[in-house]
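Worksheet: the structure to be examined is printed underneath.
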Amino acid sequence: MAEADAMIAGAQAPARDLMSKFDGLIAERKALLDSGVTDPFAIVMDEVRSPTQAVIKGRETILLGTYNYMGMTFDPDVIAAGKAALDQFGSGTNGSRMLNGTFRDHMAAEQALRDFYGMTGAIVFSTGYQANLGIISTLAGKGDYIILDADSHASIYDGCAMGNAEIVRFRHNSVEDLDKRLGRLPAEPGKLVVLEGVYSMLGDIAPLKEMVAVAKKHGAMVLVDEAHSMGFFGAHGRGVYEDQGLDADVDFIVGTFSKSVGTVGGFCVSNHPKFEAVRLACRPYIFTASLPPSVVATAAMSITKLMHAHDKRQRLWDNARHLHGGLKALGFRLGTETPESAIIAVILPSQEEAVGMWQALLEQGVYVNMARPPATPAGMFLLRCSLCAEHSREQLDRVLGMFAAAGRAVGAIA
Ligand code: PMP
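Using full-length UniProt numbering, you'd call the opening residue of the sequence shown number 1 and step up by one each time.
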């Protein structure tokens, strides 16, 4: 004991400080903050008053950068369901779904998902990130191929790396490139094509119909991440795949509770007869604690209500069209020519302009997402606006006024 104490006391610094790899990042961040701007990645919501309003730095702020597409976070039935579960089941589960972590409301959330998607199988994970990590790594292992869009979300890439499959990337949204790359692969190995309904950086949607046809032609299975479309694409709000008439043609749908559902959690649904077996082999499902009962109870209630949320779907699309049209008329360069989803990205030429404008907007009272490489494609700097069904026309007109003033101030528009 004394010997160990003496050794620790006399120890030298490590031969190589593993933290030194962050020096570049630390310097870059310092330079940004030294220029006098608010840190866009350190926003604190001091108070949240509704799905579209919060208090940030003491100022009443319109929220235009959350993924609260359907505005379910303050739904009275959703809140009541969470409170009741908290009272009845306590604050947490203290364990994995495989052991003591499956409660009544985990089953209710999975049933709500089966009903919502009209599918036979549903598995709830602790986040959407873990759903992708788990399902992709469990489905495609050593010797299999994963063919994915180059602009895929980080959770998809991480799922690919974890499973050790061969990875083949195709050019973003290019049906032709997908076809070409699938055509070069050997016939025998298992193949999983991974797509997203809505790509969250630019808000563009995938030509799923053509892509699924190509995947099937080459004998591949298809997984679609519908994180940014749940609730408002398609007649039942299932996603872009439903909107494009592919209900019977996709093998796996991944989604999240952190966006339209308004809480936290992730899931995969499927009609595959052997789908339940995933639970027995999936490490990100087994080796982590399950969601608290209050969270799954709110998810179950929210998903059930989203099935019938036709008015909200309508309002969200009206809002997306109004904001897209207004920003375009002001002369901003946008991520898509027409409003394709509830995400509208304003493209700026440099980090300085993006941060300057982001800050000017915040000071006027609207919060949007600042996005930069490596999260963005092609090294772009973006101010991402995500709409909510609960934004009023008056709020959006105020936002357009703020964009006009901020855009002129930084020289982004004439
Ligand atoms: N997939 C996509 C396409 C996403 O954008 C995200 C989160 N932004 C996720 C998965 C992960 O979802 P979660 O927040 O539930 O971890």
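All residues carry an ideal CB built from backbone N, CA and C; glycine is no exception.
Applying a distance threshold of 5 Å between residue Cβ atoms and the heavy atoms of ligand 1 selects Thr127, Gly128, Tyr129, His153, Ser155, Ser200, Asp225, Ala227, Thr256, Ser258, Gly266, given in chain order. Where Cys385 is concerned, the enclosing beta strand (DSSP E) starts and stops at 381 to 386.
Residue nearest to Ala345 within the set Cys268, Ile136, Tyr199 is Tyr199 (criterion: CA-CA distance).
The closest CA to that of Gly335, considering only Leu383, Arg97, Lys217, Phe22, is found on Leu383. For Glu3, the three-state secondary structure derived from DSSP is helix. Ranked by how close their Cα comes to the Cα of Gly266, the residues Val37, Gly121, Ala412, Tyr129 have Tyr129 in first place. Distance from Lys209 to Gly245 at the Cβ level is roughly 7 Å; contact confirmed, criterion being Cβ atoms closer than 8 Å. Fewer than three Cβ pairs drawn from the region 319 to 327 and the region 150 to 159 lie within less than 8 Å of each other, which leaves the two stretches out of contact.
Per DSSP, the beta-bridge partners of Met221 are Leu192.
Relative to Tyr69, the option among Met221, Asp177, Thr256, Ala206 whose CA is nearest is Thr256. Here Glu176 is exposed: its Cβ has fewer than 16 other Cβ atoms, across all protein chains shown, within 10 Å. Shortest Cα-Cα distance from Gly234 to any of Pro284, Ser341, Gly219 involves Ser341. Here Glu226 is buried, its C-beta having at least 16 other C-beta atoms within 10 Å. The three-state secondary structure of Thr256, taken from DSSP, is strand. Here Phe275 is buried. Its C-beta has 16 or more other C-beta atoms within 10 Å.
Phe22 sits exposed, since fewer than 16 C-beta atoms from the chains shown fall within 10 Å of its C-beta. Counting only runs that start and end inside the region 294 to 363, the alpha helix (DSSP H) elements of at least 4 residues fall at 310 to 330. Following the DSSP letters along the chain, one finds Asp23 inside the alpha helix (DSSP H) bounded by residues 23 to 34. When the beta-carbon positions are compared, Asp87 and Val296 stay at least 7 Å from each other. By alpha-carbon distance to Ala378, the top candidate from Arg171, Asp115, Asn132 is Arg171.
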